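One line per chain: the protein sequences are A and B, in this order.
For what it's worth, our numbering labels the leading residue of the first sequence as 1, then goes sequentially.
For what it's worth, our numbering labels the leading residue of the second sequence as 1001, then goes sequentially.
Glycine is no exception: its CB is placed at the ideal position from the N, C-alpha and C atoms.
Treat the numbers as computed from the prediction; the structure is a model and nothing was measured.
A short worksheet on the structure shown next.
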Amino acid sequence: MLPIISLGTNLVKIEQIQLAHGSGGRLSHELINGLFRRYLSNPYLDELWDAAVLPEQGARLALTTDSYVIQPIFFAGGDIGKLAVCGTVNDLSMVGAHPLYLTAGYILEEGLPLPDLEKIVASMAETANRAGVNVVAGDTKVVGRGNADKIFINTAGMGWISKDVNLSPRNVRPGDKIVVSGSMGDHGMAILCQREGLEFDTPLASDCAPLNGLVQAILTHPGIRVMRDPTRGGLATALIELAQSSSLGFEIQEASVPVHEGVRGACELLGLDPFYVANEGKLIAIVSSSEAESVLATMRRHPLGLEATMIGDVIEAHPRKVGLKTLLGVTRIMDMLSAEQLPRIC
Amino acid sequence: MKWIDEFRNPHLAQALLTQIRERAGQPIRLMEFCGGHTHAILRFGIRELLPSALEMASGPGCPVCVTSSTDLDRAIAMARIPKVILTTFGDMARVPGNDGSLQSARAEGADVRIVYSPRDAVRVAQKTPTRPVIFLGVGFETTAPGVAASILEAQEQHLDNYFVYSLHKLTPPAMRAILAAAEVKLSGILGPGHVTTVIGTEPWKFLSDQYHIPIAVAGFEPLDILRAVSMLVDQIHQNQVRVDNAYSRSVHAEGNTTALTIMNRVFEVCDAEWRGMGMIPQSGMTPRNEYAAFDASKTFETTATPVSEPSGCRCGEVLRGIFLPTQCPLFRRTCNPENPVGPCMVSAEGACAAYYQFGDQPCED
């Protein structure tokens, strides 16, 4: 149970975001102190200076930013707050960084119920805690009703990279193995089905999760060449980008790629390809063939890597392209999509 | 029974392929009517596995692709009428018309909204009672019953701001037009699985009775398609013509009578213009007189002048099965999914889009 917050004077309880919450005046302060600091409190944020002053790291730093816009804002497996933490933590993790600090910028639509905002901030706090990161700076703006869709969140993230970690597509060699940490397409299909009110026997849930723990576990192995989280555009797009940046060819076995039954069913019904559907808690790792089995074993010991699977190989043939060996044994090239996949009409 | 894995079994696929290879001695050209089949055939690599004597030609079964430019221009003109909200399936928004697309009209200020179902369009009409909401009804017999149901729902709720611009089309008349034109010699037809689920197998009898061409109705999994191809090859091998059903878990002789009843209650058959095939008599569906209040074409005056197809675009020939997408001079050169010249490159069900996405074979470069 969340504690019920109430903002405003004792006489008037305000239950929705108003334009005044972004004015910089008393309501803004109440929002910051009564809600954001209450959940996200840490020594850096609590100073409430114009900028967070952070300790020296003595290591290479990684910095990233991403904006989160999603409808519905609450979904099976997560919400926009959890997503905003995971997405940025995962981007840092993919370059091998230990995520440390996040900033959070909120654009709120006038009329957003305060209990919804509270749930989102609480979820951010819980996810940040799980990932071991602090939200050290923030900003809130309120726009008039109709000028935003409930809530948009931007998070920036910073992390440090240990000396012996140097991930790059340039490290990839022919003979390397391609590994995924679990099933593909869960996030995108859960969101689509919930948004469109489609229900299936097997309920779909987003895989939204912070991957830094899994990443640090596998980075104990020397043979990790490069990693990527297959978010928008899914597995296919991420693999094509990796093939292009490594200038080598990839070959993937369709039958090896884990796709949950419910996701596969929903994809078939709508005419979508799960390999192009977004994930928010999975990673692709390219690993030297000698280390591949032990990396896979390490992944499978981690709660977020139980279904980790080897799905293909790096090859010298068809450089910069990803070949998919279909279930029927025919190899075809996977291409990037020019736009979002749409359900078939017929 | 999980309904997917069973129909992707590689060993059963090989067994069917062996049967097909054994019996496909003479040159055979089959047409897959449905864009969904073209997509599945390329996605699973089935084309590569079929014997070289067996050729697959794609057909007109892509609702977005067969919508005429003139009709699309009218829809764009409707979207530009002040206060109108035009709702459409996403694929349709990107198709280039004579004067931009629905997408570009939206960028210029028209209120064009993507919906996944006509019921969503009814919801929009409920929420915005002071604005006319038009649903752009493209699709075949698979889509029309749902759109008919949306009109009945709007009527029940006394909505006076919900309209349908019905560009629905019937598939058997298009198949008949292709055979009557005799531009392409076909040995058999891979029948559309979803359409036939709705209309039943009876409407395809004319293929054997009048044109002596076999048809096998197919589902969309690899084994569905291979089984239908195998049935067609058998018919050809044995010199027989009949309507076979390789999709019996979904298709029944009488079709979906509930869907047909709703469709026929709201719509009546009319002549319709098909992109690439011109006017085909009795091949469209328009709201009956008692539903005229919901008919956007009767409520919103638009003018659109007939236009010629973009220079060099061979979508018409592709839709009639005369050209493979790869034979179009624009394919991959000036026409691609980012900058589509014709509709077959836009829609997920379009043959050109399927060949573009899946048709590339691995080669050293």
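Measuring only the C-alpha atoms, how far is residue i from residue j?
{"i": "P1306/B", "j": "S1069/B", "result": "8 Å"}
{"i": "T1067/B", "j": "M1092/B", "result": "9 Å"}
{"i": "V259/A", "j": "V295/A", "result": "21 Å"}
{"i": "A255/A", "j": "L327/A", "result": "6 Å"}
{"i": "E1254/B", "j": "E1309/B", "result": "39 Å"}
{"i": "A217/A", "j": "Q57/A", "result": "21 Å"}
{"i": "E196/A", "j": "A266/A", "result": "12 Å"}
{"i": "R1249/B", "j": "H1212/B", "result": "26 Å"}
{"i": "P1281/B", "j": "D1271/B", "result": "4 Å"}
{"i": "N10/A", "j": "S28/A", "result": "Residue confidence is low: N10/A scores 45 on pLDDT, short of 50, so the model does not pin down where it sits. Its coordinate-derived value is still stated next. Rounded to the nearest angstrom, the two C-alpha atoms are 16 Å apart."}
{"i": "S93/A", "j": "N212/A", "result": "5 Å"}
{"i": "T103/A", "j": "T88/A", "result": "10 Å"}
{"i": "F1089/B", "j": "A297/A", "result": "45 Å"}
{"i": "I1368/B", "j": "V1318/B", "result": "The shown model of chain B, from 1001 to 1365, leaves out residue 1368/B, and the question about it has no answer."}
{"i": "A1180/B", "j": "P1214/B", "result": "16 Å"}
{"i": "W1274/B", "j": "P1063/B", "result": "10 Å"}
{"i": "A1216/B", "j": "T1197/B", "result": "13 Å"}
{"i": "I153/A", "j": "T127/A", "result": "15 Å"}
{"i": "N279/A", "j": "L337/A", "result": "16 Å"}
{"i": "T1303/B", "j": "A1218/B", "result": "40 Å"}
{"i": "H1237/B", "j": "F1140/B", "result": "32 Å"}
{"i": "L248/A", "j": "R1333/B", "result": "25 Å"}
{"i": "A1079/B", "j": "S1297/B", "result": "12 Å"}
Residue i lies in the alpha helix (DSSP H); which residues open and close that run?
{"i": "M94/A", "result": "80-94"}
{"i": "Y68/A", "result": "From DSSP, Y68/A is part of no alpha helix (DSSP H) but of the beta strand (DSSP E) over 60-68."}
{"i": "I1134/B", "result": "First-last for I1134/B: 1133-1137, but that is the beta strand (DSSP E), not the alpha helix (DSSP H)."}
{"i": "G188/A", "result": "186-195"}
{"i": "R228/A", "result": "Premise fails: R228/A lies in the beta strand (DSSP E), 224-228, not in any alpha helix (DSSP H)."}
My output table needs one value for residue i: the three-state DSSP class, helix, strand or coil.
{"i": "E261/A", "result": "helix"}
{"i": "W1003/B", "result": "coil"}
{"i": "Q16/A", "result": "strand"}
{"i": "S1104/B", "result": "helix"}
{"i": "S1283/B", "result": "strand"}
{"i": "M1345/B", "result": "helix"}
{"i": "W1204/B", "result": "helix"}
{"i": "F250/A", "result": "strand"}
{"i": "M1031/B", "result": "strand"}
{"i": "C33/A", "result": "Note on identity: in this sequence residue 33/A is Asn, with Cys being the wrong assignment. If DSSP states are grouped into helix, strand and coil, N33/A belongs with the helices."}
{"i": "H318/A", "result": "coil"}
{"i": "G1061/B", "result": "strand"}
{"i": "E110/A", "result": "coil"}
{"i": "P1118/B", "result": "helix"}
{"i": "F1294/B", "result": "helix"}
{"i": "V1195/B", "result": "helix"}
{"i": "P1214/B", "result": "coil"}
{"i": "I1322/B", "result": "coil"}
{"i": "F353/A", "result": "The shown model of chain A, from 1 to 346, leaves out residue 353/A, and the question about it has no answer."}
What are the start and end residues of the beta strand (DSSP E) that includes residue i?
{"i": "N154/A", "result": "151-161"}
{"i": "F1163/B", "result": "1162-1166"}
{"i": "G323/A", "result": "322-325"}
{"i": "N1245/B", "result": "1243-1245"}
{"i": "K177/A", "result": "177-180"}
{"i": "E1268/B", "result": "1267-1274"}
{"i": "A409/A", "result": "Residue 409/A lies beyond the residue range present for chain A, which begins at 1 and ends at 346; the question has no answer from this structure."}
{"i": "T331/A", "result": "331-334"}
{"i": "D139/A", "result": "134-143"}
Hey, is residue i close to the ligand ATP, as in C-beta under 8 Å from one of its heavy atoms?
{"i": "D1234/B", "result": "Judged by which ligands are present, the structure shown has none, so any question about the ligand ATP falls away."}
Exercise. Taking a cut of 7 Å between CB atoms, which residues from the stretch 1319-1352 of chain B lie near chain A?
Worked result: Listed by position along the chain: P1337, E1338, A1348, E1349.
Exercise. Okay, do the stretch 1132-1147 of chain B and the stretch 1048-1055 of chain B touch, 3+ Cβ pairs below 8 Å being the bar?
Worked result: no
Exercise. Per the contact definition of three or more C-beta pairs closer than 8 Å, is the stretch 1149-1156 of chain B in contact with the stretch 1282-1299 of chain B?
Worked result: yes
For this session: Flag this pair as touching only if the stretch 310-322 of chain A and the stretch 264-279 of chain A have three or more C-beta atom pairs under 8 Å; answer yes or no.
Result: no
Exercise. Are there three or more Cβ pairs, one per stretch, closer than 8 Å when the stretch 127-134 of chain A is compared with the stretch 165-172 of chain A?
Worked result: no
Exercise. When Cβ atoms are compared, which residues of the stretch 1024-1052 of chain B fall closer than 9 Å to chain A?
Worked result: When CB distances to chain A are screened at a threshold of 9 Å, the residues of the stretch 1024-1052 of chain B falling below it are C1034, G1035, G1036, H1039, L1042, R1043, F1044, G1045, I1046, R1047, E1048, L1049, in chain order.
For this session: Decide yes or no for the touch test of the stretch 1144-1151 of chain B against the stretch 1162-1170 of chain B: beta carbon pairs closer than 8 Å, at least 3 of them.
Result: yes
Exercise. If you measure beta-carbon to beta-carbon, which residues of the stretch 1121-1152 of chain B are closer than 8 Å to chain A?
Worked result: V1138, G1139, F1140, T1142, T1143
Problem set entry | At least three beta-carbon pairs within less than 8 Å, the stretch 11-26 of chain A to the stretch 102-118 of chain A | yes
Exercise. Any residues in the stretch 1002-1017 of chain B with a beta carbon nearer than 9 Å to a beta carbon of chain A? Which ones, in chain order?
Worked result: Going along the stretch 1002-1017 of chain B in chain order, one finds K1002, W1003, I1004, D1005, R1008, N1009, P1010, A1013, Q1014, L1017 with a Cβ nearer than 9 Å to chain A.
Exercise. Relative to chain B, which residues along the stretch 193-223 of chain A have a C-beta separation below 8 Å, given in chain order?
Worked result: E196
Exercise. Are there three or more Cβ pairs, one per stretch, closer than 8 Å when the stretch 143-160 of chain A is compared with the stretch 230-249 of chain A?
Worked result: no
Problem set entry | Selection of the stretch 1087-1099 of chain B by Cβ proximity to chain A, strictly under 7 Å | Hits within the stretch, in order: F1089, G1090, D1091.
Exercise. Got a sec: which bits of the stretch 1190-1217 of chain B sit with their beta carbon under 9 Å from any beta carbon on chain A, in order along the chain?
Worked result: Flagged, chain order: P1192, H1194, V1195.
Problem set entry | the stretch 1002-1014 of chain B contacting the stretch 1030-1042 of chain B, beta-carbon criterion three pairs below 8 Å | no
Exercise. Quick check: the stretch 1023-1035 of chain B against the stretch 1331-1341 of chain B, are there 3 or more CB pairs under 8 Å?
Worked result: no
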